[in-house]
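Protein chains: 2
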Amino acid sequence: MFDLMGYLAEQRAKVDAELDRRLPTAAERPARLHEAMRYSVFAGGKRLRPILCLASTEAAGGAADAALAAAAAIECLHTYTLIHDDLPAMDDDDLRRGRPTSHKVFGEANAILAGDCLLTLAFEILADTPQSGPLAAELARAAGSRGVAGGQYEDLAAEGAPPDPDRVRYIHEHKTARLIEAACRMGGICAGAGGAELRALDDYGRSAGLAFQIADDILNATATAEQLGKAAGSDAKRGKMTWVAWRGLDGARADAAELVLQAQRALDKLPGPTEPLHAIAEFIVRREA
Amino acid sequence: MFDLMGYLAEQRAKVDAELDRRLPTAAERPARLHEAMRYSVFAGGKRLRPILCLASTEAAGGAADAALAAAAAIECLHTYTLIHDDLPAMDDDDLRRGRPTSHKVFGEANAILAGDCLLTLAFEILADTPQSGPLAAELARAAGSRGVAGGQYEDLAAEGAPPDPDRVRYIHEHKTARLIEAACRMGGICAGAGGAELRALDDYGRSAGLAFQIADDILNATATAEQLGKAAGSDAKRGKMTWVAWRGLDGARADAAELVLQAQRALDKLPGPTEPLHAIAEFIVRREA
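Chains A and B, in that order, are what the protein sequence lines are. Counting in this note's numbering, the first sequence runs from 2 upward without gaps. Counting in this note's numbering, the second sequence runs from 2 upward without gaps.
Below, the structure written as structure tokens:
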């Protein structure tokens, strides 16, 4: 029986150590800006995306350590999206992971800048790796206007509109699945994986990523604020176009379960150990926060 | 006699064509976000940084076309800094190059996202070049918390404080000179330049970049809003820590002139044609907007 919790804790410690090594400290000018960057990066995140990157490297037959820099870059990029999404002009959230959001603590200008700097740092970290070109291409495509940022745009634009299957799928695939997919592919790239392996990681990441966002929608509708560390039920209040709004709770649960199976099936084509990816796909829909 | 205006017009057309080729259009989803990116990129900028990149490639003995992608990336990055600097939470500017700023036209959330996407696109473009690693390292270091964003942080933090030579220099070197320096070095990298050439381009870029910001401070204090295409005298009104506030108009003019000479002296160590860089350094302090 694979010990997922032990695996996650171990990989998380590695990712945290790498992030600590890569992020500038408050000893360096401008101290307050570096404090803001660290405040959000070390806010108790699950490190799901970087761990998926490491696990994908192993599944593609490589050594996880070869993907540590890429994993850290992905988490920096993910943290930037959280900081900017929480801004008053965007989702206007006061709480994230049980703590005040960046703009609440450091002010709006510094929150914007801290996000900008984490986005930039992600590419600085990748520039330093042997596969700098392919990794940066992958991350930039996933993050830009055709990826996460495009999804966030559509998410805001769709507020209050009646549920539309095409639009919900676009938002979830871009805002969430795209980066998870890229994390898996980047892990494959670090292992020197070929086309077939990258496509398998891609399939896994897309399905698992979509399942993750559907699970998020379900949690937002059913969990308490205490469980989530952020406002609960906020999606419905804002008229967000969620999977639950479109398919209902039962439909969303069934879709997430089906996507987990799809993700797991994609793993058959990989040469290395896939237990972690297999278990993480299940964890994604079973988690309580 | 070198025809600078002809040179600038010619290079500008090349840069604009490359940017047009690289930027997603409104035909692609999300249309409005792509519109916002293009609105700010095609707003009539001088293209000074990308042209410095192209001219630096030639000065280092390369062909300007080898640096076109890098030049486009630099302009995308520069445009992101303008969009975010203009935001209500930052400098709160309504006009830029004679037109309403991004957040005035597209709303604050979309302006933040358009900036994020241009920053991301800069690295996507670089990932596609033969020197992707060194170019991305250069641009990321220049743009991040130890570069442009750090300078912008300090610029905001210093508002209203009494002029402090160390702080003014820090702000100007980081907020402005750092990216101009990187543009020149990136041009050198595209030409395959060695350490001595890169250092010469570095010296040129740092001095020319500082002169550029001092000239900006002088223009802000002396030109009309019509000349500038943005609010005039805004620095003094906001208690910005400018070179003029510290050294006075005459002192600032003398410093800028000295820096231009310093920049020009650095060009002696370069193997290729340096007339464009020589002339641009002078243009930087003589321009009227």
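Idealized CB from N, CA, C, for every residue including glycine.
Measure the alpha-carbon distance for residue i versus residue j and round it to whole angstroms.
i: B:D95; j: B:A141; result: 28 Å
i: B:I126; j: B:R186; result: 17 Å
i: A:K216; j: A:A253; result: What sits at residue 216 of chain A in the sequence shown is Ala, not Lys. Straight-line Cα distance between these residues: approximately 8 Å.
i: B:P115; j: A:G161; result: The question names Pro, but residue 115 of chain B in the sequence shown is Ala. Cα to Cα, B:A115 sits roughly 22 Å from A:G161.
i: A:G101; j: B:E259; result: The sequence shown places Pro at residue 101 of chain A, not Gly. Using only the alpha carbons, I get a separation of about 48 Å.
i: B:R98; j: B:D17; result: 16 Å
i: B:K15; j: B:G240; result: 39 Å
i: B:R30; j: A:L271; result: 33 Å
i: B:R50; j: A:C77; result: 27 Å
i: A:A32; j: B:Y154; result: 10 Å
i: B:H175; j: B:G145; result: 10 Å
i: B:E109; j: A:M2; result: 50 Å
i: B:A290; j: A:R288; result: 57 Å
i: A:D89; j: B:G249; result: The question names Asp, but residue 89 of chain A in the sequence shown is Pro. Approximately 39 Å between the Cα atoms of the pair.
i: A:Q265; j: A:P277; result: 11 Å
i: A:R147; j: A:H79; result: 16 Å
i: A:P163; j: B:G46; result: 41 Å
i: A:R200; j: A:D256; result: 22 Å
i: A:S235; j: A:M6; result: 29 Å
i: A:K231; j: B:E11; result: 54 Å
Closest by CA to residue i, which one among the options?
i: B:M91; options: A:D92, A:A73 and A:I113; result: A:I113
i: B:L9; options: B:T177, B:G151, B:P25 and B:I52; result: B:I52
i: A:E139; options: B:L136, B:F124, B:L271 and B:Q153; result: B:F124
i: A:E19; options: A:T26, A:L78, A:A72 and A:P89; result: A:A72
i: B:H35; options: B:F43, B:R288, B:L24 and B:G45; result: B:L24
i: A:A246; options: A:M2, A:E289, A:A255 and A:D165; result: A:D165
i: A:L55; options: A:M2, A:Q265 and A:L202; result: A:L202
i: A:R81; options: A:G108, A:D117 and A:Q263; result: It is Tyr, not Arg, that sits at residue 81 of chain A in the sequence shown. Checked all of A:G108, A:D117 and A:Q263; the closest Cα to A:Y81 is A:D117.
i: B:A64; options: B:G188, B:A257, B:L250 and B:E109; result: B:G188
i: A:G206; options: A:N111, A:Q263, A:M6 and A:S103; result: A:Q263
i: B:R22; options: B:D93, B:L122, B:E289 and B:R200; result: B:L122
Please list, in chain order, all residues of the same chain as residue i whose beta carbon is under 7 Å from its beta carbon, the five residues on each side excluded.
i: A:R275; result: Going by the sequence as given, residue 275 of chain A is Thr instead of Arg. Here the set comprises A60 and L268.
i: A:A233; result: N221, A224, T225 and A226
i: A:L157; result: M91
i: A:V106; result: Y40
i: A:A237; result: A222
i: A:A197; result: K270
i: A:D86; result: D92 and Q153
i: B:G151; result: H175
Counting only the same chain and skipping the five closest in sequence on each side, list residues whose C-beta sits under 8 Å from that of residue i.
i: A:V261; result: S208, A209, A212, A282, E283, I285 and V286
i: B:A143; result: V149, R179, L180, E182 and A183
i: A:A67; result: T58, C191 and A192
i: A:D251; result: none
Using a threshold of 7 Å, state whether the C-beta atoms of residue i and residue j are closer than that.
i: A:L120; j: B:L120; result: yes
i: A:P135; j: A:I190; result: yes
i: A:G195; j: A:G62; result: no
i: A:T295; j: A:A70; result: Residue 295 of chain A is absent from the structure shown; chain A starts at 2 and stops at 290.
i: B:S57; j: B:I84; result: no
i: A:A137; j: B:A128; result: yes
i: B:H173; j: B:Q214; result: yes
i: A:D218; j: A:T177; result: no
i: B:R170; j: B:A159; result: no
i: A:S133; j: B:S133; result: yes
i: A:A28; j: A:N111; result: no
Skipping 5 residues on each side, what residues in its chain have a beta carbon closer than 6 Å to that of residue i?
i: A:D204; result: A267
i: A:R13; result: R48
Could you tell me whether the Cβ of residue i comes closer than 7 Å to any Cβ of chain D?
i: B:A159; result: No chain D is part of this structure, whose protein chains are labelled A and B.
**OP:** For the stretch 191 to 204 of chain B, enumerate the residues whose C-beta is nearer than 7 Å to any C-beta of chain A, in chain order.
**Re:** Those would be none; no residue qualifies.
Subject >> Contact set between the stretch 96 to 113 of chain A and chain B, restricted to residues whose Cβ is under 9 Å from the partner >> reply: Result list: H104, G108, E109, A110, N111, A112 and I113.
**OP:** Residues of the stretch 249 to 271 of chain A with a CB closer than 7 Å to any CB of chain B: list them in chain order, please.
**Re:** For chain B, none of the residues of the stretch 249 to 271 of chain A brings a beta carbon within less than 7 Å of one of its beta carbons.
**OP:** Could you run through the stretch 144 to 157 of chain B and flag, in chain order, every residue whose CB is less than 8 Å away from some CB of chain A?
**Re:** Going along the stretch 144 to 157 of chain B in chain order, one finds A144, G145, S146, R147, A150, G151, Q153, Y154, E155 and L157 with a Cβ nearer than 8 Å to chain A.
**OP:** Could you run through the stretch 219 to 242 of chain A and flag, in chain order, every residue whose CB is less than 8 Å away from some CB of chain B?
**Re:** Along the stretch 219 to 242 of chain A, none of the residues has a CB nearer than 8 Å to a CB of chain B.
Subject >> chain B contacts from the stretch 18 to 46 of chain A (Cβ-Cβ distance under 8 Å) >> reply: Contacts with chain B (Cβ-Cβ distance below 8 Å) from the stretch 18 to 46 of chain A involve P25, E29, R30, P31, R33, L34, H35 and M38, listed in chain order.
**OP:** Compile a chain-ordered list of the residues in the stretch 54 to 88 of chain A whose CB is closer than 7 Å to at least one CB of chain B.
**Re:** Flagged, chain order: H85 and L88.
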